[in-house]
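Each residue of the sequence shown is one higher than the one before, starting from 840 at the first, in my numbering.
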Amino acid sequence: MKPQIRNELEKILKDYSSHSSEIKDVLNYFLEHETLEKEHIIKILKLKKDDKERKIVFTFANSVRKLYTGDYINIKGVIEFSNYCKKNCFYCGLRAKNSSIRRYRMSPTEIINVAKQAADYGLDTIILQSGEDDSYSEDDLIFIISEIRKNTKLPVSVSIGERSFSAYRKFRKAGAVRVLLKHETINKTLFRKIHPDKNYENRIELLRYMNTLGYVTGSGNIIGLPGQTLDDIADDILFMRDEKIKMIGMGPFIPAHNTPLEKFPSGSGELTLNAYAATRLCIPKAQMPTTTALGTISEDLQYQGFFAGCNVIMVNITPDKYRENYNIYDNKIKVEYFYSYNKLRELGFSPSKITQKKLKEML
Ligand code: SAH
Ligand code: SF4
């Protein structure tokens, strides 16, 4: 650890020295090892909303975020280009068997135009997300990725589920530099219960392969799945550390109607914040969004994510006529770019640039 970072973090610990606490041991472990182990993560996950120690951990995580990743919050634009899906994940409203949603597909030209507009507005990254929809061939996706790269120069991320190993190799060549494929839960028994057709081993092998291809690899888990324990969540975080995952998407489970899990309660927002803080201390350089799923529980919780160690927000740039049908869960909010930008400034963070063109349009 750089001496300057160490000094800063030791200062925080000193400021709180009147609290004798187990948590101090956890933070001292971080100072020695720049990561945490399972027992430490579980201690953080167990913290209650009003615990004094939670405030210390969040302050510490926020400082680690600043010291390791810079004082800059990335704003990434998500284009949800198709809500068709051939899979049947128990929690997801887009599952193939859900006949109650209106399906849509955006054409390659529409997708490319939205990406161009997003670049004009000053967004950092374009994330292409969809259900698993084979009606877009590999060549279609290669075309879309390379056109966006050519026209915008922005990094392109793909979040489209389990394509073949060779497809991911081709997407990388076409200019995709990031990939998001959540492992969802590392508890194999739980994974199999809720994924009749997502393949646990294949997803993990794909993530490993993507790392070898030079992708900035993203994964993540759902918090509050029925039957999940704190132990499972700690294992999720350690898995991502050990597999050198660089982007970490962790959101609470939100029930979606017409799915097998529709009657189960949402995951806890407070636990999700604890998981953000624990992850920041376990994987200090992570790119970690405070998620739309958390914002769907409450906007306040989503912004608290930045004070618990998050450094990314994903804003929705899907055209509204499509977006309202991208219901992976109920009441999914729209995270709007300009609003998020202003809110981040208000809270004292440094968000990604916004262009004069966008500013003019907003005035
Ligand atoms: N089809 C692709 C990408 C789109 S789904 C895939 O599955 O990889 C993106 C993410 O939405 C999933 O990885 C899952 O973690 C999340 N998701 C789906 N339904 C959800 C729900 N009900 N609550 C919380 N997250 C959900
Ligand atoms: Fe399809 Fe992804 Fe939803 Fe599973 S989580 S049903 S793969 S969109």
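In this text, a Cβ means the ideal position worked out from N, Cα and C, and glycines have one as well.
Just the Cα atoms here: how many angstroms apart are residue i and residue j?
{"i": "G1000", "j": "K1173", "result": "22 Å"}
{"i": "F899", "j": "G970", "result": "37 Å"}
{"i": "K1009", "j": "R1017", "result": "13 Å"}
{"i": "L1122", "j": "I1084", "result": "Note that residue 1122 corresponds to Ile in the displayed sequence, not to Leu. Between I1122 and I1084, the C-alpha separation is close to 9 Å."}
{"i": "R1047", "j": "K1037", "result": "17 Å"}
{"i": "G1059", "j": "I914", "result": "18 Å"}
{"i": "R979", "j": "K863", "result": "What sits at residue 979 in the sequence shown is Asp, not Arg. For D979 and K863, the distance between alpha carbons rounds to 53 Å."}
{"i": "I987", "j": "T1056", "result": "20 Å"}
{"i": "N784", "j": "K955", "result": "The structure shown does not extend to residue 784, since the chain is modelled only from 840 through 1202, so no value can be given for it."}
{"i": "S996", "j": "I966", "result": "5 Å"}
{"i": "A1147", "j": "D1159", "result": "31 Å"}
{"i": "P1099", "j": "I1033", "result": "9 Å"}
{"i": "K1171", "j": "F1004", "result": "31 Å"}
{"i": "S946", "j": "N1166", "result": "19 Å"}
{"i": "V917", "j": "I1156", "result": "6 Å"}
{"i": "P1128", "j": "V1151", "result": "4 Å"}
{"i": "E1175", "j": "D1081", "result": "34 Å"}
{"i": "F920", "j": "I983", "result": "11 Å"}
{"i": "P842", "j": "S1105", "result": "42 Å"}
{"i": "L886", "j": "G1063", "result": "16 Å"}
{"i": "G1065", "j": "K1021", "result": "Looking at the sequence itself, residue 1065 is Pro, so the reference to Gly does not match. Approximately 18 Å, taken between the alpha carbons."}
{"i": "E1023", "j": "K905", "result": "27 Å"}
{"i": "L1019", "j": "P994", "result": "13 Å"}
{"i": "T1068", "j": "K882", "result": "13 Å"}
{"i": "Q968", "j": "S998", "result": "5 Å"}
{"i": "S1189", "j": "I1087", "result": "20 Å"}
{"i": "R944", "j": "K1192", "result": "30 Å"}
Based on Cα-Cα distance, which residue from the options lies nearest to residue i?
{"i": "R934", "options": "K1182, P1190, N1164 and Y1178", "result": "N1164"}
{"i": "C931", "options": "P1128, N1181, I1061 and L1019", "result": "I1061"}
{"i": "I880", "options": "S860, V865, Q956 and A1125", "result": "V865"}
{"i": "L1183", "options": "A954, D1159 and M1153", "result": "M1153"}
{"i": "Y1161", "options": "S902, K891, Y923 and L852", "result": "Y923"}
{"i": "M840", "options": "S860, N867, Y855 and E861", "result": "N867"}
{"i": "S1107", "options": "N1097, P1190 and M1089", "result": "M1089"}
{"i": "F787", "options": "I950, C928, R942 and I1087", "result": "What the structure shows of the chain is the stretch from 840 to 1202, and residue 787 is not part of that stretch, so it cannot be assessed."}
{"i": "G1187", "options": "D1169, Y1176, T1157 and Q1143", "result": "Q1143"}
{"i": "S976", "options": "M1049, I912, Y1178 and Y1007", "result": "Y1007"}
{"i": "L1112", "options": "N952, P1091 and D972", "result": "P1091"}
{"i": "D889", "options": "L1133, T1028, E1109 and R1042", "result": "E1109"}
{"i": "Y1115", "options": "L1052, S985 and V903", "result": "V903"}
{"i": "A1203", "options": "N1026, E1044 and S985", "result": "This structure does not reach residue 1203, given that the chain is present from 840 up to 1202, and the question cannot be answered."}
Could you please give the first and the last residue of the uninterrupted alpha helix (DSSP H) stretch that includes residue i?
{"i": "T1028", "result": "K1027 to I1033"}
{"i": "T1118", "result": "G1108 to C1121"}
{"i": "M840", "result": "Note, M840: premise wrong, no alpha helix (DSSP H); not H, not E."}
{"i": "L1045", "result": "Y1039 to T1051"}
{"i": "N1181", "result": "Y1176 to E1185"}
{"i": "G1144", "result": "E1138 to F1146"}
{"i": "S939", "result": "Per DSSP, S939 belongs to no alpha helix (DSSP H) and is neither H nor E."}
{"i": "S996", "result": "Looking at the DSSP string, S996 is not in any alpha helix (DSSP H); the run it does join, the beta strand (DSSP E), is V995 to S998."}
{"i": "M1086", "result": "Premise fails: M1086 lies in the beta strand (DSSP E), M1086 to P1091, not in any alpha helix (DSSP H)."}
{"i": "I809", "result": "Lying outside 840 to 1202, the shown extent of the chain, residue 809 is not represented and no answer is given."}
Name the two residues that bound the continuous beta strand (DSSP E) containing residue i.
{"i": "K915", "result": "Y911 to S921"}
{"i": "L1019", "result": "A1015 to L1019"}
Quiz prompt | Minimum length 3: unbroken beta strand (DSSP E) runs contained in the region 945-982 | solution = 964-969
Practice problem: Decide yes or no for the touch test of the region 883-899 against the region 1132-1141: beta carbon pairs closer than 8 Å, at least 3 of them. | Solution: no
Quiz item: If we count Cβ pairs, one from each stretch, closer than 8 Å, do we get three or more for the region 959-970 versus the region 1115-1133?
Solution: In short, these stretches do not touch, since the Cβ pair count stays below three.
Quiz item: What residue ranges within the region 845-902 form continuous alpha helix (DSSP H) runs of no fewer than 4 residues, ordered along the chain?
Solution: With a minimum length of 4 residues, the unbroken runs of alpha helix (DSSP H) contained wholly in the region 845-902 fall at 861-872 and 877-884.
Quiz item: Is the number of C-beta pairs between the region 1068-1079 and the region 870-887 that are closer than 8 Å three or more?
Solution: Yes, they touch.
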